[in-house]
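Read the structure below first, then the notes.
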Amino acid sequence: MSMKRLFIFLLLTLLVALTAAVLFSQGSIDFSQNRREAALCDNCHEMIPNVITWRLSSHQKIGCLNCHRDITLTTFAYRHWRGFFQTPIQGNFIPDQTCRQCHTSRRQLTMPDNLNVPHFLHTTRQVDCVDCHAKIVHRGISKSPLLRQLSFPGEYTEAKLIPLAQRLPSRVQMAECKGCHNGAMASNRCSVCHPQNKGK
46 MSMKRLFIFL
56 LLTLLVALTA
66 AVLFSQGSID
76 FSQNRREAAL
86 CDNCHEMIPN
96 VITWRLSSHQ
106 KIGCLNCHRD
116 ITLTTFAYRH
126 WRGFFQTPIQ
136 GNFIPDQTCR
146 QCHTSRRQLT
156 MPDNLNVPHF
166 LHTTRQVDCV
176 DCHAKIVHRG
186 ISKSPLLRQL
196 SFPGEYTEAK
206 LIPLAQRLPS
216 RVQMAECKGC
226 HNGAMASNRC
236 SVCHPQNKGK
């Protein structure tokens, strides 16, 4: 191979690599293209359970990178290519300021069953949003014993995962509240959260 051809080959290789880096970098993805972001995540078998639960969630119109800001797609693609991941994929901590981009203190809360949850009291006691709401989007699927029964990657299919995801709770469950509301850390009286049960 002549020096000129070698130079052209190296130059083209460099251009392709730079183009790929720009296309797959976090900053290059338009955050309004939420489906496009999910399609990128959905390309990897190990991410399919998380994409499916996201599609079933109330956050399905919010792109992956709006919440998962610590992920650069080039790093993620490299880990996938090299096999540097464990299944099921475990979620990272989402800081409160990420949630507060949309969930401001002025936002009208829609609480089920006449529930009283004073969020300001929780925040003043250093309770993080994900301490209570970690299952809202991905339903805790990565920690589900049912997911661990599926073989990876062969059984990570929509046909197997959608019914599994639909069986997992997407709202805060009372058992999670009782982790703190145990009578020692916080009151365990019913009327604290359920005003209709006054006196109980």
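Numbering-wise (my numbering), the sequence shown opens with residue 46 and increments by one.
Just so you know, even glycine gets a beta-carbon here, dropped at the ideal spot from N, CA and C.
Note that the coordinates shown come from a computational prediction; the quantities given were computed from them, not determined experimentally.
8 Å Cβ cutoff met for residue i and residue j
i       : j       : result
His-239 : Leu-160 : yes
Pro-133 : Leu-206 : no
Pro-214 : Arg-193 : no
Val-12  : His-164 : Lying before the first or after the last residue shown, residue 12 is absent from the chain, which here runs from 46 to 245.
Asp-141 : Asp-173 : yes
Ala-220 : Ile-97  : no
Val-162 : Ile-139 : no
Continuous alpha helix (DSSP H) stretch holding residue i: start and end
i       : result
Pro-214 : Taken as a continuous stretch (DSSP letters only), Pro-214 belongs to no alpha helix (DSSP H), as it is neither H nor E.
Phe-165 : 164 to 169
His-226 : No alpha helix (DSSP H) contains His-226, which DSSP labels as neither H nor E.
Arg-234 : Careful: Arg-234 lies outside any alpha helix (DSSP H) and carries neither H nor E.
Gln-142 : 141 to 144
Ala-179 : From DSSP, Ala-179 is part of no alpha helix (DSSP H); its letter is neither H nor E.
Val-172 : Neither: Val-172 is in no alpha helix (DSSP H) and is coded neither H nor E.
Asn-111 : 109 to 112
Asn-95  : 93 to 100
Thr-202 : Per DSSP, Thr-202 belongs to no alpha helix (DSSP H) and is neither H nor E.
Arg-124 : 118 to 127
Spatial distance of residue i from residue j (CA atoms)
i       : j       : result
Ile-74  : Leu-59  : Only weak support is given to the placement of Ile-74: the predicted model assigns it a pLDDT of 45, under 50, and the value that follows is read from those uncertain coordinates. Distance between the alpha carbons of Ile-74 and Leu-59: 21 Å.
Asn-233 : Met-156 : 19 Å
Gly-228 : Gly-136 : 30 Å
Phe-52  : Gln-131 : 40 Å
Arg-151 : Cys-144 : 13 Å
Thr-120 : Ala-84  : 17 Å
Cys-147 : Gln-105 : 14 Å
Arg-212 : Leu-195 : 15 Å
Cys-225 : Ser-102 : 26 Å
Phe-76  : Asp-87  : Caution applies to Phe-76, whose pLDDT of 42 falls short of 50 and renders its modelled position unreliable; the value that the coordinates give is listed next. In a straight line, the C-alpha of Phe-76 is about 16 Å away from that of Asp-87.
Glu-203 : Leu-55  : 41 Å
His-90  : Leu-191 : 17 Å
Tyr-201 : Val-237 : 42 Å
Val-182 : Trp-99  : 5 Å
Lys-223 : Gln-171 : 17 Å
His-113 : Ser-187 : 16 Å
Cβ neighbour criterion (16 or more within 10 Å) applied to residue i
i       : result
Leu-57  : exposed
Lys-180 : buried
Gly-128 : exposed
Tyr-123 : exposed
Met-92  : buried
Gly-199 : exposed
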